[in-house]
Amino acid sequence: MQMRQNPYPPTIVDEHSGVEVPNDAHRIWNEGYYAAILDVMGMLFEGLNKVWPTAVSLIEGLVWQRKKEK
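For the sequence shown, position 51 (counting from the first letter as 1) is numbered 51 according to my numbering, and the numbering increases by one without interruption.
This is the structure in structure tokens:
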């Protein structure tokens, strides 16, 4: 399988400062799909870490209420 050439320039000129800066699109293209997959997985786990304590306490509350009813 032949790799396509990176269509993005390695640097771009910042609109506001006029300074040449590294182009994120060029870097992301070079890193490939694995980096993108790892970024998405990181975001998912970050979200789970925020939701997990709430879900656990909700389940504990439901179990406690169920035991109380019996």
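The beta-carbon is built from N, C-alpha and C at its ideal position, and this holds for glycine as well.
Check whether I12 and N23 have beta carbons under 9 Å apart: Counting from 1 along the sequence shown, the entry for residue 12 is found at position 12. Counting from 1 along the sequence shown, the entry for residue 23 is found at position 23. Yes, they are a contact pair.
Residue from G18, H16, V19, N30 with nearest C-alpha to P7: In the sequence shown, the residue the question calls residue 7 occupies position 7. Considering only alpha carbons, the answer is N30.
Could you please give me the residues that DSSP links to V21 through a beta bridge? By 1-based counting over the sequence shown, the position of residue 21 is 21. According to DSSP, V21 bridges with I12.
When the Cα atoms are used, what is the spatial distance from D39 to P10? Taking the first residue of the sequence shown as position 1, residue 39 is located at position 39. Taking the first residue of the sequence shown as position 1, residue 10 is located at position 10. Near 21 Å, if we compare the C-alpha coordinates of P10 and D39.
Among the residues of its own chain, which have a CB less than 7 Å from the CB of A25, if the five just before and after it don't count? As a first step, residue 25 is located in the sequence shown; it is residue number 25 there, counting from the start. Cβ neighbours of A25 beyond the five flanking positions: Y8.
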